[in-house]
Structures are given as structure tokens and as C-alpha cells.
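So the protein lines, in turn, are chains A and B. With numbering that gives the first Met the number 0, letter number 26 in the first sequence gets 25, and the count goes up by one each step, no holes. With numbering that gives the first Met the number 0, letter number 373 in the second sequence gets 372, and the count goes up by one each step, no holes. Just so you know, even glycine gets a beta-carbon here, dropped at the ideal spot from N, CA and C. Below is one structure, written out as C-alpha cells; comments come after it.
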Amino acid sequence: MIRVVLPFHLRTLARVNGEVQAEIAGDATLGAVLDAIETMYPVLRGTIRDHVTRRRRPFVRFFACKEDISNDPPDTPLPAAVVSGQEPFLIVGAMAGG
Amino acid sequence: MSKIRLSVGTKKGAFILTSDGKRKNWQVSGPHFAGWEIYHMKGSPVDPNRIYASQSSGWFGQIIQRSDDGGITWDTPGGGAAPSPDGMPKGESNKFVYEGEVGKHLWYDGTQHPWEFKRVWHLEPSLTDPETVYAGVEDASIFKTTNGGKTWQELPGLRNTKGHLWQPGAGGMAVHTILLDPKNPKRIYVAISAAGAFRTEDAGQSWKPINRGLKSPYELPDPDAEVGHCVHRIALHPSRPDVLFMQKHWDVLRTDNAGEQWREVSGNLPTDFGFPIDVHAHEPETIYVVPIKSDSEHYPPDGKLRVYRSRSGGNEWEALTKGLPQKDCYVNVLRDAMSVDLLDPCGVYFGTTGGQVYGSTDGGDTWDAIVRDLPAVYSVEAQTLK
């Protein structure tokens, strides 16, 4: 079970509080955890990744074990500490004020 | 007794303002979708409790929201977590994908640039079916849903109308106005900054530019240019859908033949730059604009917030000032931020970038602030409820 932390606005959209838990049947990759989140919460489709291209939206970031893995390919395995639930997988609204 | 509902979209959320028919005491509900930009909300004329809202953010993109109880509760159509009777929700109410070859439009540097969906600027519910809504989007196109917002399909004929010559203005390139002809269900008008006005006679399959008579010498050196005009807003009275009024980047204009030919009716306005234009509910020749100083100074001239009313369909204008700030006022009124109700006397409403929503219960003779401190107001839609 992977612990996922959503940013405030996506928690509101999905109507959840705190962390959510994603169960992944196959390989625990970056793409698989995003697929799981979008399956659990269809309202989030298009808000993290583009509907068609599946590319990450420009001001969304993915963090795991204090590493920014936003630009890693979708088949990148998640760190063991995230897969074991020791560390959360973070979806973050990037700092983009100005 | 009738009631009035104002759906107010702002830079940081949505607000629902309601009053009885006296229009003196208002209840304020909100912010809904706090922190998100709400470009537009509009209720269905067929089912007044159904309201559609366009919610967007630079981080998380576009969301479509729908209320079936007059704005008390909201849902993303077909986006819920629980399985619906017709299967798992697909979460496609925010999926706006251009049809076929995406194509290109004119970019700022004169090159061709691919169309990219950014957000929904305007939602226009059908006059006959609460499940059908048209969406005006950036980059400019029009989409349609026939299932209450669960899915959207583009009407691509609009982009095929010399779309390669359309060029974004400073505010982007969006379909910001959609007018449905109440007498001819196959006729729709749209307006785009900075492409112009267009009309369809076949329910959106094919479109025609209707910009003859528009003059934009500083933006378009070609006086006969069919497209490329910066139209800010168009409006009609339901009883006369062949008569349109337009607030252009500069100039206020009217057409009496469904856009075949326009003529300027700026007359004695202190400046003919502005964004909104609207028509009195019961007097088809009474129109309203809010003059703004210039394209580079988006605030009222002389620090005085003045609505101008013409009772003659243009050319002769009077300033409406009672109840509006007449000094040190430097707000703007955006294109979708003016609306009228259907009561008699007609109510007129507008919101400002300073967060005020003003209302008049006497056709504009006098004004009161309904609220003063909302976030910057993007849109105001008045609904008259039985």
C-alpha cells in the first residue's frame, strides 16, 4: 500500500482528508501510482497529467524520499521506502508565484 | 414572488448572491471552489436550479462543476468516486480535446502556432435542454455537451473559418461570448478576441465571419480584413435576435441584419473603449456600457465609475452615476461581468476588478453596492426565479 499526499486543492476536489492509500497490483512505478490515484478519484483526471498526452502538468511536481522525481519516465520504479509505506509519495503544486 | 440569483465568478472562487424581488437585502454564499479562478457560471433557463461553472487554475487546469440545487451543492459531472448507474465514472468532464488535426493559428511573432486548450471562458446553457451546454474556450473554439457536462465535443467548423489568421491578444485568444438565437435554434453567434464575431446557421457545423463595418486601424491595417478584429463582447435582446450590439476594443457598434454590416454608435461616449455591453430586459433599444480610459489604462476616465446608457440603441448616451464612486476609482469591469434581470423595473448588475458587485433596481438610474470586498470579479450572471 502506497501512501500518497495530495496537494490541498486536489484533496478538496477528491473530497479526502489527509493521506490516501493506493494499491498497485503490478510493478510499483511512478506511472502506476498515478494510474491508481486517477482510478480511485476520476475527478483528478486531467488535473495531474494531461488527459491525452499523459504528460505531467507544468506546475505539478512528484517527490519521493526527498527527491524530485517529476521528470522521471512513468516506468521508473518507486523507492523501496515508498513501496513499503515507510515514506509517502508526494504530489505537489509547484511553487510558481512570482 | 420572484427571486433573483446572481452567480458571481471571481479570481479566487465563486459566490452566489440571492435576494427576493425587492432586490434590497442580499444573502451571500461562498466562496465555492475557494482559491480557484471561476471564469464563468450560468444557470439553465429550462431548469433554474441547474448551474454550470468553469473552475480553473494554473496548476491543475480545467474543472467543470454543476449544481442541481441552485448552487448549494456542486459536483463534477461524471467525476465522482462511486460507481454510477451507467458504469465507472470516466472523469472526462474536464476533457476538452480539439477534433481531428489540431491545426495552427497565427502567433505573436507571425509564425503559425498549434492550438492548445487552456481553459473555459464562457458556458452558455441551451435555451431548451438542461443537459446541453456550449463552452467557449481558450485557445479559441466552441465545445458542446449533451449529457449535462459529462463529456464535451468540439464543433470544429469554427476553427476552420480562417483560423490560421486568428492571433491572440494580450488577454489570450478565447471564445468569450456565445449568443443563442431564441427564434432560430440553428443560429449561434460567438465572439473571439482577437479574431472577431462569427455566426452559424446550421447549429455550429459551419461558421461565417461577421465583421464587415468594423474598423481597427491600429491593429489591422487592412480595412477589409474579415477576421482579426478584437471584439470584446456582443449582446442581443431576445425579441430581436437580428440586432446585435458590440463593444469592440475601441468603438461601440450595432448591426440590424445579424452581423452582415455593422455601424458605429459610440456617439458622445467619453471613450469608446470598454469590455461589457448589455441590453435592457424590456427595452430592446436601451443598452449599457462601462467606458474605460484606454487599452493601456484599464480604468474609468477621471477616476469616476460611470455606466453609460443609451435609450436609442446607441449614439446618444447618458452617464449613470448615482450610487457609484465618483472619485479615486480605478477598477475595471470585465466583459462577462454585467447582466440584467427580467423584473420590471429591470435590474442591472455589474462586478469590478476591485471586488464590488453593484446593482440597480431601476434600469440604471441609481446603484447600490451589493458586496464590496470580493476577489476581483470575472463574471456576473443574473437569474430571475419564479
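Beta-carbon contacts of residue i that lie in its chain and below 7 Å, excluding the five residues immediately before and after
i        : result
His395/B : Since the displayed chain B opens at 0 and closes at 385, residue 395/B lies outside it and no answer follows.
Gly34/B  : Lys11, Gly12
Asp67/B  : Asn48, Arg49
Asp340/B : Ile3, Ala280, Gly346, Ala381, Thr383
Gly30/A  : Pro73, Asp74
Tyr329/B : Tyr298, Gly302
Pro6/A   : Ile90, Val91, Gly92
Gly266/B : Gly313, Asn314, Glu315, Trp316
Pro300/B : Pro269, Thr270, Pro290, Lys292
Leu43/A  : Leu9, Leu12, Ala13, Ile36, Glu37
Val379/B : Leu5, Val7, Ala336, Met337, Ser338, Tyr348, Phe349, Gly350, Val356
Arg60/A  : Asp67, Ser69, Val91, Ala93
Asp327/B : Gly302
Asp241/B : Asp255, Asn256, Ala257
Asp71/A  : Leu29
Ser205/B : Gly156, Thr199
Own chain partners of residue i with C-beta closer than 8 Å, once the 5 adjacent residues on each side are dropped
i        : result
Pro155/B : Tyr97, Glu98, Gly99, Ser140
Asp201/B : Lys185
Glu218/B : Ala193, Gly227, His228, Cys229, His248
Glu259/B : Ile209, Arg211
Gln26/B  : Leu16, Thr17, Ser18
Gln166/B : His104, Leu105, Trp106, Tyr107, Met172, Ala193, Ala194, Gly227
Trp73/B  : His31, Phe32, Ala52, Gln64, Arg65, Ser66
Ile47/A  : Leu9, Leu33, Ile36, Glu37, Arg55, Arg56, Val59, Ile90
Integer-rounded CB distance, given that residue j should sit under 8 Å from residue i
i        : j        : result
Val82/A  : Ala27/A  : 5 Å
Trp391/B : Leu252/B : The structure shown does not extend to residue 391/B, since chain B spans only 0 to 385, so no value can be given for it.
Pro124/B : Lys41/B  : 6 Å
Lys103/B : Pro113/B : 5 Å
Val189/B : Leu235/B : About 12 Å; that fails the 8 Å criterion.
Gln64/B  : Phe32/B  : 7 Å
Ile369/B : Gly353/B : Wrong, their Cβ atoms sit about 14 Å apart, outside the cutoff.
Tyr287/B : Arg308/B : 5 Å
Pro181/B : Leu126/B : 6 Å
Leu373/B : Phe142/B : Not confirmed; about 28 Å, so no contact.
Phe197/B : His231/B : Not quite, the Cβ-Cβ distance comes to about 15 Å (not below 8 Å), so this is no contact.
Val3/A   : Pro87/A  : 7 Å
Cut-off 6 Å between Cβ atoms - residues of its own chain near residue i, not counting five sequence neighbours on either side
i        : result
Gly171/B : Glu137
Thr360/B : Arg22, Gly346
Ile191/B : Ala139, Val174
Pro76/B  : Arg65, Ser92, Gly147, Gly148, Lys149
Lys321/B : Thr365
Pro41/A  : none
Glu263/B : Asp250, Leu252
Identity of the residues DSSP links to residue i by a beta bridge
i        : result
Asp405/B : Nothing about residue 405/B can be reported from this structure: the residues present for chain B run from 0 to 385 only.
Gln26/B  : Thr17/B
Asp107/B : Checking the sequence, you will find Tyr at residue 107/B rather than Asp. In the DSSP output, where bridge partners are listed per residue, Tyr107/B has none listed.
Asp277/B : Tyr287/B
Gln54/B  : Ile37/B, Ile62/B
Tyr153/B : With the sequence shown as reference, residue 153/B is identified as Glu, and Tyr is not the correct amino acid for it. According to DSSP, Glu153/B bridges with Phe142/B.
Asp74/B  : Arg65/B
Gly123/B : Before going on, a small fix: residue 123/B reads as Glu here, not Gly. BP columns for Glu123/B point to Tyr133/B.
Gly170/B : Beta-bridge pairing links Gly170/B to no other residue.
Glu66/A  : Ala63/A
Phe349/B : Met337/B, Tyr357/B
Ile369/B : Answer is none; Ile369/B lacks a bridge partner.
Closer than 7 Å: residue i CB and nearest the ligand NAP heavy atom
i        : result
Ala224/B : For the ligand NAP, the structure offers nothing, since it holds no ligand at all.
Exercise for the section: Please go through the region 187-272 of chain B and give each complete beta strand (DSSP E) segment of 3 or more residues, from N-terminal end onward. Expected result: Secondary structure remark: continuous beta strand (DSSP E) runs of at least 3 residues inside the region 187-272 of chain B, in chain order: 187-192, 195-199, 230-235, 243-247, 251-254, 261-263.
Problem - chain A contacts from the region 56-78 of chain B (Cβ-Cβ distance under 8 Å) - result: So the list reads Ser56, Gly57, Trp58, Phe59, Gly60, Gln61, Ile62, Thr75, Gly77, Gly78, given in the order they occur along the chain.
Handout entry: Interfacial residues, the region 20-43 of chain B to chain A, with Cβ spacing under 9 Å
Key = Within the region 20-43 of chain B, the qualifying residues are Phe32, Ala33, Gly34, Trp35.
Exercise for the section: Give, in chain order, every unbroken run of the beta strand (DSSP E) that is at least 3 residues long and sits entirely within the region 12-64 of chain A. Expected result: Complete beta strand (DSSP E) runs here, min 3: 19-21, 59-63.
Problem - Short-range partners of chain A found in the region 86-106 of chain B, where Cβ spacing is below 8 Å - result: Within the region 86-106 of chain B, the residues whose Cβ lies closer than 8 Å to any Cβ of chain A are, in chain order, Met87, Pro88, Lys89, Gly90, Glu91, Asn93, Lys94, Val96.
Exercise for the section: Please list the segments of the beta strand (DSSP E) lying wholly inside the region 279-323 of chain B, counting only runs of 3 or more residues, in order along the chain. Expected result: Counting only runs of 3 or more, we get 286-288, 306-309, 317-319.
Handout entry: Residues from the region 29-59 of chain A in contact with chain B, defined by Cβ distance under 9 Å
Key = For the region 29-59 of chain A, the beta-carbon criterion of a distance under 9 Å to any beta-carbon of chain B is satisfied by Glu37, Thr38, Met39, Tyr40, Pro41, Val42, Leu43, Arg44, Gly45, Thr46, Ile47, Asp49, His50, Val51, Arg56, Pro57, Phe58, Val59.
Problem - Residues of the region 74-93 of chain A whose Cβ lies closer than 9 Å to any Cβ of chain B, in chain order - result: Here the close residues are Gly92, Ala93.
Practice task
Please name the residues in the region 1-12 of chain A whose beta-carbon is closer than 9 Å to at least one beta-carbon of chain B, in chain order.
Solution key: Cβ contacts with chain B: Pro6, Phe7, His8, Leu9, Thr11, Leu12.
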